[in-house]
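Below is one structure, written out as structure tokens, with a few remarks after it.
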Amino acid sequence: MFASGGALTRKPWGDEVFTANSALDLITRGKTGMTVLEPTGLGNKPGTVMLDIHERNYHVMPLGYVFQAAWFKLAGFSLPSMRFFAVLWGLVALLCWKYIIEKLTGSVLAALLATFLLAIDRVFLESATDGRPDIISAALGALAIALYFRLRERSLPRAVFTGMALLALSIFTHPMGALAAIPLVLAYGLYDRSRFHWTHLALAAAPFLICGAAYGAFILQDPVAFRAQFGINAGGRLNGLTHPLQAVIEEIGTRYLERMYLPGYATGLGRLRVLIIFAYWFAVLWAIVTPGLRNDPKYRLILVAAVINFTVLTLFDGTKSYFYIIHILPFYAATLAIWLVAAWNNGRIGKLAAAAVLGLLVFLQLGWSAYSIYNNPYKNKYLPAVAFLRSHAGPNATITGSGELGFELGFDGNLKDDASLGYFTGRKADFIVVDERAYEQALRSYQEKLPDLDAYVKRILKEEYRRVYDGPFYGIYQRNRDL
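Numbering-wise (our numbering), the sequence shown opens with residue 44 and increments by one.
Written as structure tokens, this is what we have:
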């Protein structure tokens, strides 16, 4: 219910375009281009050239937009279609984690509680209503673990091959899918190491060789463009290896607090959302310091995977993006569910504590999502700006703005996503759309990154354009007719 509400009311955003535009291009032109993007127009790295991006998208892993293309072929292309495709993958992930946690802990109650905590979690709901490939990758990883446990007793070779095949699909959907390798390797090491055979290594490697060969063939179509595009996306992600202490501080302060649970704009009850992540972390620390749980084989995989995943995210992802929490969230939810069950079985005070924590989490999580659905940014922010452009720009006017506008205006028309506003190309559109997320943040960063670009942007917006629309989230500028 909450995923459906989010799917219909969330405003699209730029990251969704990287897969949706290429998926649409695949089923229309037979190419994988991101046609709406100006190759020099990335706001976070102005002036870098996304070489041949209109023909092939090497900026992201390919299976995300390949899966979307297959779905669009069946269900048609639209923003709701893309969103409900993500909802379906969210359901796959929930079913898989229910099975995994029940298999590990032997507790139906803990498995149901963990699945419930996932289903109401704001991070999970955002991923499961988003066009980014994170939920697909996370669901494939969960399916890999679930099928490994399902098949291991009947046929360990089949379990190894199936698990690794799905893991490979997860990684070639998004590199963060590699985090699912941690519980898979732990499962083999904890439960099946005594059954090791060298053929298991070959079976594990085979899916990666097949996927790698297919990806290599795609890369060989334009290796120069691959190096340019993939290099832009991969740059700066491994900073945590050189400054680990700083990486831990940024992991907690930036990824979890500033960008998710305690942003600077939060006020009133909104600031209580930080209790969500504190509850997860408390459960993990409680389990670690409790010998009976730490040493219990039923919980060992969950706890070790949670700690290793946190460490890997801290050291190997310098972006500190909040949407990658989806890959560690099931282990948080499982650990908290274990604590809730243990507390409930520990007398009257334990029951009160478990009920209070669960009640607070339900209130905070569902209140957060309900408030977002009620605000309906798609209807109240996105559509009014699109309606203004349609009524004032006309069919021949050129528009510069975030690619998210393409869901309504089209990706192959007069819209170009160029956060430099034509500085590198000389193209000056009839209309410029500045949104509060992508463009406004990019424009603010130019003063430090590229002072000449900053001066250019300020000059043309002051001298060559006038602000004609001042709506929520979007500001629209029209070029003076005499220029």
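In this text, a Cβ means the ideal position worked out from N, Cα and C, and glycines have one as well.
- Put simply, the backbone Cα of I144 is about 19 Å away from that of N388.
- Counting C-beta pairs with one atom in each stretch, the region 450-464 and the region 409-418 have fewer than three that are closer than 8 Å, which means they do not touch.
- With contacts defined by Cβ atoms closer than 8 Å, V166 and M303 form a contacting pair.
- Per the coordinates, the alpha-carbon of H435 lies some 14 Å from the alpha-carbon of A472.
- Between the C-alpha atoms of A185 and I253 there is a straight-line separation of about 21 Å.
- Each residue's CA atom was taken as its position, placing P55 and G335 some 47 Å apart.
- The three-state reading of DSSP puts F353 in helix, counting H, G and I together.
- As computed with DSSP, Q521 is found in a beta bridge with F474, R509.
- Less than 8 Å divides the Cβ of A50 from the Cβ of F127.
- Sequence-distant partners of K88 (beyond 5 residues in either direction) whose C-beta falls short of 7 Å from its own C-beta, in its chain, are I275.
- Taking C-beta separations shorter than 7 Å and ignoring five residues to either side along the sequence, the partners of F374 in its chain run I345, A348, A349, N352, following chain order.
- Taking every protein chain shown into account, the CB of A118 has fewer than 16 other CB atoms within 10 angstroms, so this residue is exposed.
- The Cβ atoms of G174 and A63 sit closer than 8 Å to each other.
- In this structure, the CA atom of L372 is about 26 Å from the CA atom of A481.
- Residue state for L80 is assigned as strand, using DSSP reduced to three classes.
- A contact between stretches requires three or more CB pairs, one per stretch, nearer than 8 Å, and the region 263-271 fails this requirement with the region 309-329.
- Excluding the 5 residues flanking it on each side, P226 has same chain C-beta neighbours closer than 7 Å at I188, L344, A348, in chain order.
- With a cutoff of 8 Å on beta-carbon distance, R53 and P306 are scored as not near each other.
- Within the same chain, Cβ atoms closer than 6 Å to the Cβ of L67 are found at F120, the five residues on either side in sequence being excluded.
- With fewer than 16 other Cβ atoms from the protein chains shown falling within 10 Å of its own Cβ, A277 counts as exposed.
- CA-to-CA, the gap between P105 and A112 works out to about 11 Å.
- Taking C-alpha positions only, A230 is separated from F321 by approximately 28 Å.
- Residue pairing by DSSP places T443 opposite K459, I475 in a beta bridge.
- Distances from the alpha-carbon of L69 to those of I503, N100, G84, S47 put N100 closest.
- Contact between L404 and I319 holds, with the beta-carbon distance rounding to 6 Å and staying under 8 Å.
- Collapsing the DSSP output to three states places W132 in a helix.
- L263 carries a coil assignment under DSSP once its states are collapsed to helix, strand and coil.
- Residue nearest to G259 within the set L504, F61, F215 is F215 (criterion: CA-CA distance).
- In this structure, the CA atom of Y517 is about 55 Å from the CA atom of P200.
- For R201, the enclosing alpha helix (DSSP H) starts and ends at 199-214.
- Remark: C-beta atoms of E294 and L379 do not approach each other more closely than 8 Å.
- Residue environment: D164 is assigned as buried (16 or more neighbouring CB atoms within 10 Å of its CB, all protein chains considered).
- Annotation for V405: the continuous alpha helix (DSSP H) segment containing it runs 390-418.
- A straight-line Cα-Cα distance of about 9 Å links K501 and L486.
- Assigned with DSSP and collapsed to three states, Y466 falls in coil, not helix or strand.
- For I371, the secondary structure class from DSSP, reduced to helix, strand or coil, is coil.
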